[in-house]
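Heads up: take any position in the sequence shown, counting from 1, add 363, and you land on my numbering. Reading through the C-alpha cells given below for one structure.
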Amino acid sequence: MSIKEFVQKFYKSDALIDSEIMKAYLHPEVKLDWNSTKGLIEMDYDSMMAMANELSRAYVRSKVRISHIIAEEDLVSIRYSHFVKTIENPREEMLLAHFATIWQIKDDKLYRGYQMSQFS
C-alpha cells in the first residue's frame with residue numbers, strides 16, 4: 364500500500380472517533396501541531412487517543428470527504444471536510460470543520476502532522 368493509500372484509509376475509517384482503530388495508524392512518537400480557531404494545539408500519541416475517545420462519546424458516525432490528496436516522498440498532504448452524526452440526532456449529518464493536513468510517514472505510521480482547521 365502506498366503512503367497516499369495509507370492516509371486515505373486512515374481518514375476513511377472511523378479512527379477519528381475510535382481509539383482502537385486509531386492505534387493501528389499512529390506511530391508511538393507521533394506529534395501533531397494543529398492550528399485551530401483556539402490557537403496552536405500540540406498533540407502527542409496520548410492526547411490523540413484521548414481526543415478520539417472524547418469524540419466517540421458525542422458522535423455515532425464520522426465521515427471525511429477528501430477534496431485533495433498529494434503524496435511526495437514520505438509526505439502526504441490532504442484537504443478534507445469532517446462530518447459527524449450526533450448521538451442525539453443520528454440521522455442528521457453535521458459539518459465539524461474543514462481541514463488541511465500534512466503528514467510525514469515513518470515506519471508505515473503517521474509520525475509528524477501539521478494541521479489547520481476552519482469552521483464553515
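By construction, the Cβ of each residue, glycine as well, lies at the ideal position given by its N, Cα and C atoms.
Other residues of its chain near residue i: CB distance less than 7 Å, five sequence neighbours each side excluded
i: A421; result: T449, I450
i: M412; result: S382, M385
Residue i versus the options, residue with shortest Cα-Cα distance
i: N360; options: F482, Q478, S483; result: This structure does not reach residue 360, given that the chain is present from 364 up to 483, and the question cannot be answered.
i: V423; options: I432, M457, V439; result: M457
i: D409; options: T400, L403, V393, S430; result: V393
i: A460; options: M364, G476, D470, R428; result: R428
i: V439; options: G476, P391, D407; result: G476
Helix, strand or coil at residue i [DSSP, three-state]
i: F446; result: strand
i: G454; result: The amino acid at residue 454 is misidentified as Gly; the sequence shows Arg. Of the three classes helix, strand and coil, the one that applies to R454 here is coil, per DSSP.
i: A401; result: Note that residue 401 is Lys in the sequence shown, not Ala. In the structure shown, K401 sits in coil (DSSP, three-state: anything other than H, G, I, E or B).
i: A387; result: coil
i: E435; result: strand
i: S440; result: strand
i: F369; result: helix
i: S419; result: helix
Paired residues, beta bridge with residue i - DSSP
i: R475; result: K394, Q467
i: M414; result: The partner list for M414 (beta bridge, DSSP) is empty, contrary to what the question assumes.
i: A378; result: According to DSSP, which records beta bridges pairwise, A378 is partnered with nothing at all.
Cβ-Cβ separation, residue j to residue i (assumed contact under 8 Å), whole Å
i: L418; j: L473; result: About 17 Å; that fails the 8 Å criterion.
i: A488; j: I380; result: The shown model of the chain, from 364 to 483, leaves out residue 488, and the question about it has no answer.
i: F462; j: T400; result: Not confirmed; about 12 Å, so no contact.
6 Å Cβ shell around residue i - same chain, five flanking residues per side excluded
i: F446; result: K426, E456, L458
i: I433; result: S440
8 Å CB neighbourhood of residue i in its chain, flanking five on each side removed
i: A378; result: I384, M385, A387, Y388, A415
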